[in-house]
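Going letter by letter, the sequence shown gives residues 1 to 1037 in the UniProt record's numbering.
We put the beta carbon where it would ideally sit given N, CA and C, even for glycine.
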Amino acid sequence: MASKDLNAVETNESDIFPPYCEKIKVDLELRYPKDLFELNFDESKNELKQYLKNVLEQRTPKDPLDREAIYPLPYHLCMIASKVYQNYNSKEKEKYELNEEGFPSGWELLTIASNPSLSNGYFGAAFWHPEREQVIIAHRGTEPTNVGSLWTDFKSVLKNDVSSQINSAVTFTHHVQQVFADIDREGKTHFQMFITGHSLGAWLAQVCTFSMKYLTIVDKQECFGESKKKGYHAHTVVFDSPGCKPMLLQMKDWYYVRNDNVENLPINSLDITSYLSAPNLVNTCNTHVGKIYRVFIDFLHKSSLSDFFYDPQTHSINNILKTFDKNTGLFKKNKLGNYKLYEVIDWPGNTDEYKETDDEGFTWDDLSEVTQKVLLNREIVFHEQEKKLSDLVEEFNIEYREIAKFFDFHSLIKLINNENKLEIGDKPYGIDKLEGAYVDLFEEVNHETLKSNLNTFKTDYSILHFAARKGYVEIVEKLIAVFNSDKVALIEFVKDKDINGWSAMHIAASTNSVEIVEKLIAVFNGDKVALIEFVKDKDINGWSAMHIAASTNNVEIVEKLIAVFNGDKDALIEFIKDIDKDGCSAMHIAAKKNNVEIVVKLIAVFNGDKDVLIEIIKDKNKDGCSAMHIAAKKNSVEIVEKLIAVFNGDKVALIEFIKDKDKDGWSAMHIAANKNNVEIVEKLIGVFNGDKVALIEFVKDKDINGWSALHFATKKIMLKLLKNKYKDGCSAMHIAAFENNVEIVEKFIAVFNGDKDALIEFIKDKYKDGCSAMHIAAFENNVEIVEKFIAVFNGDKDALIEFIKDKYKDGCSAMHIAAFENNVEIVEKFIAVFNGDKVALIEFIKDKDINGRSALHFATKKNNVEIVEKLMAVFNGDKVALIKFIKDKDINGWSALHFATKKNNVEIVEKLIAVFNGDKVALIEFIKDKDINGWSALHFATKKNNVEIVEKLLAVFNGDKDALIEFIKDKNKDGCSAMHIAAKKNNVETVEKLITVFNGDKNERWLKFKTSENIDKMLIQFLNDPNQIVWKIDNKE
């Protein structure tokens, strides 16, 4: 951003404090329905004000002191927040009528605002109540199919930066605020402002609370700055906001907001109330401000704490609505008659403190079954004695709601954090306060359910288990010695399991205690059958001691367990093949944990029995993964080598093995390419040892989504992108930060070893949305990969041209993408492909996407002068064809000149004008050309106050005053000429340029329009007759 001369800001006349910040822009593309009030036009604002005054005048006058103070209740605001998820249609206005059960009468829709562009997607509505003098503004939340919403979630909510939806929300809120501020100033009203929203809409509402109080539009600038005047103090009530505190603090830094010498006043003084549901990861993204309440959605049952992942049902606005009592407008009550609501001191913050919102406070029934189990197994002090809470319930028949008094919330959360662990993928995971400690804490569990669960609190840990867990070898010896030759009883003792199905052997294997494993094996004293049965025993997840030892990488324990079988090879092989409930053998687990030594030990068991060993390593788990798939996923080159070596020259069987796919259709090659592991790719290619046909077949093979290994090599994250967004119309050009896998692309190309036809067929292959590897490389700005693909065609010009001309579903070729991505090098590469074939090249660069845009449109839109020059140079003196090219329009009627003026690019405007090279008639026709809304380049230039472009356009007429005056007088569909637009924007310099065109002719009636004070003075000076000014816009002139 260019630096600003702060001293140039007229602080005596302006409402803005310096320094000013251009972060939040006025959304000039914000749309209002034609059948409602359009607040982006002064004329419509004036109409609205008149309408509001007429309605207010018809009210029965009341003394303000006698007026009943009635405010929208949480239910009413939640209902309005849910309304804005419905699209507005003038034929279905009844959808926006507030006639639901329990909703007070008198509220009506004022207007709707939206920005439907793909990169924005904002939607909001304003409602008002004339009798109560209240206004409610609601902003829509995230819609998964809307790219603008998703981008706002990422850029603004997670990154605390401004996105287009912030610009839209703040602009809409400001428009509504200004209308009622004018009404308040002119009459005896004092309108109260309320803002609401859900999810992303809640977050936008909180940002707008700040902007309404502290910001206003900067004169002559299309952005917001700090206001010197006192702004509206809005009352904001939101539902499931992701947390806005970091963004508000960021905005405070941007705008140097006044604080009246009170620390943090701008944030803490905002009137914001948030209602948050749980389990819900959305509202734990950031910290919150203002009053925070926890909402109980207890009609949704969750079976266990491990289901803590984000549950869209608890985040649903419709389910939050169900927590209200429609008759009272407040939250429903629990069995004791208390509101199911907690005020939260910090969420998800650092303290995990709550305070109660009623006299009874939190009750036992508010805790989930899982949390109750945790608490009931804790020891507490009762009547000066330590007792388990479960015993207390049984022995003293204590009332459940009294149990809560033994725990404050701070302790409760700590208990949940410490006690609840689960495994997500390969990673042990503690449920901590930020990531889900609130899950399922508050679901009601009835008395009978609690009673029936009391018997499950027993851990069944014996003293032997305890000693094995702690690694107390001597105690284990002493406990074994107690049985003093009673071998049967001793074996029963060591075989005993806890509630997880773990014997002392499982525990010793998990704690890597080799000595205790030896002691336990010795107990059986030669009883091989019983010992084998003991070590084969499984826990509740199907894990034997061998599975555990493979997981902990304890080679010694694995050796001890193998030795138990003492030559019984068949039984040992069965033991190693044994699988857990997920279908994993010890071989799978060793590969998963990258434990090479253990893989070697397990292979050695088979001692030359190659066929059986091959069968075992080919074995798959429930996900269809063999040890080879798992080794590739874990990037374990050594294990891949060991598994390949098993086949010992049996090439046919080995090729079959590495071609095998998991349930997603991925072979080890797909996985290695996706993981960017060049070494494994080389190992797998090496298997084919010159069998080119089989190798080509292998690397061309596709998964269930139609992806070959080359697609993964070109873009390993593209599959996820296409799954999540491509189907909904969002192309990869909207996504940033791709990564490059040039080395693996080279490896795959080398596989074809001169078979050009097969290779071309391979790289031309598309994903089902029409996206080839070339499109992806252009998206990524990867010049090297583009060069590699071009080189594949090796002189076959026709085939190469066909390839780069190919389009994906939005009608974009790789050239469109390169122009959009500002990549001059790739554009040059594509132009060079045509090698002097001017006709074909011109046809190529003229090609349009589904929006009617050529590469020139994209280049001008992206302000890339160099690409514009490259494209124009293609015509090489063919002036007629070039003029036709630059005059070409998209579906909105925009030529390259419209884009250039909109983007304030003087250099491109000059280049486009220069094309006509003295052909004045054709050039005038070009710059007079209008879009579908009747806007010429001059309209855009005056709107942007770009005096230099205005001068360039006016100079085209070169003394033809009549034609120039006609051009300036020309109006768009809204009846506005360039002068109207310049006056409306208070663009003094532009108005001055337009006035000089008339060169003393004072009688032009088209100058009769409403102007700002500075422009008035200029016109009066020019006309030397104040009576010539008529204070009304006459669109019929």
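Tell me whether residue i sits in a helix, a strand or coil according to DSSP, three-state version.
i           : result
residue 700 : helix
residue 111 : strand
residue 123 : strand
residue 572 : helix
residue 139 : strand
residue 333 : strand
residue 532 : helix
residue 812 : coil
residue 78  : helix
residue 246 : helix
residue 885 : helix
residue 101 : coil
residue 465 : helix
Looking at the unbroken alpha helix (DSSP H) that takes in residue i, where does it start and where does it end?
i           : result
residue 763 : 756–764
residue 177 : 164–186
residue 996 : 988–996
residue 214 : 200–214
residue 85  : No alpha helix (DSSP H) contains residue 85, which DSSP labels as neither H nor E.
residue 70  : No alpha helix (DSSP H) holds residue 70; DSSP gives it neither H nor E.
residue 319 : 317–321
residue 674 : 668–674
residue 616 : 610–618
residue 967 : 961–969
residue 686 : 678–686
residue 510 : 504–510
residue 942 : 937–943
residue 93  : No alpha helix (DSSP H) contains residue 93, which DSSP labels as neither H nor E.
residue 797 : 797–805
Can you name the start and end residues of the beta strand (DSSP E) that residue i belongs to?
i           : result
residue 51  : Not the beta strand (DSSP E): residue 51 falls in the alpha helix (DSSP H), residues 42–57.
residue 295 : 291–295
To which residues does DSSP link residue i through a beta bridge?
i           : result
residue 223 : 25
residue 271 : 235
residue 792 : Residue 792 is not bridged to any residue.
residue 217 : 224
residue 251 : Bridge partners of residue 251: none, in fact.
residue 277 : 295
residue 543 : Looking at the DSSP assignment, residue 543 forms no beta bridge with any residue, so it has no partner.
residue 193 : 135
residue 129 : 134
residue 324 : 331
residue 31  : 114
CB of residue i to nearest heavy atom of the ligand NAP: below 6 Å?
i           : result
residue 134 : Absent from the structure shown: the ligand NAP. Ligands present: none.
Please classify residue i as buried or exposed, where buried requires at least 16 neighbouring CB atoms within 10 angstroms.
i           : result
residue 185 : exposed
residue 458 : With a pLDDT of 37 at residue 458, under the threshold of 50, the predicted position of this residue should be treated as unreliable, and no value is reported.
residue 540 : exposed
residue 932 : exposed
residue 237 : buried
residue 86  : exposed
residue 201 : buried
residue 580 : buried
residue 76  : buried
residue 255 : buried
residue 625 : buried
Using a Cβ-Cβ distance cut-off of 7 Å, determine whether residue i contacts chain B.
i           : result
residue 490 : The question asks about chain B, but that chain is absent: this structure has only one protein chain.
Exercise for review: Give a yes or no on contact between the stretch 126–143 and the stretch 93–110, applying the rule of three or more CB pairs nearer than 8 Å.
Suggested key: As far as the Cβ criterion goes, the stretch 126–143 touches the stretch 93–110, which means the pair count is three or higher.
Review point. Do three or more CB pairs link the stretch 471–483 to the stretch 527–537 at distances below 8 Å?
Key: Counting C-beta pairs with one atom in each stretch, the stretch 471–483 and the stretch 527–537 have fewer than three that are closer than 8 Å, which means they do not touch.
Point to revise | Cβ pair count under 8 Å reaching 3, the stretch 591–599 against the stretch 559–576 | key: No: fewer than three Cβ pairs fall under 8 Å.
Check your understanding: Is it a yes or a no for the stretch 921–935 touching the stretch 890–903, going by three-plus beta-carbon pairs under 8 Å?
Key -> Result yes; three or more Cβ-Cβ pairs closer than 8 Å.
Check your understanding: Quick one: any contact between the stretch 954–966 and the stretch 905–923, if contact means 3 or more CB pairs under 8 Å?
Key -> Counting C-beta pairs closer than 8 Å gives three or more between the stretch 954–966 and the stretch 905–923, which meets the contact rule.
Practice item. Spell out a yes or no on whether the stretch 510–518 and the stretch 547–554 are touching, meaning 3 or more CB-CB pairs, one atom from each, closer than 8 Å. Key: Contact between the stretch 510–518 and the stretch 547–554 is present, because at least three Cβ pairs lie under 8 Å.
Check your understanding: How do the stretch 813–825 and the stretch 852–859 stand: do at least 3 beta-carbon pairs fall below 8 Å, yes or no?
Key -> The stretch 813–825, when compared against the stretch 852–859, does touch it at the 8 Å Cβ threshold.
**Study point:** Three-pair Cβ contact test at 8 Å for the stretch 606–620 versus the stretch 653–663
**Key:** A contact exists between the stretch 606–620 and the stretch 653–663.
**Study point:** At least three beta-carbon pairs within less than 8 Å, the stretch 861–872 to the stretch 832–842
**Key:** The stretch 861–872 is not in contact with the stretch 832–842.
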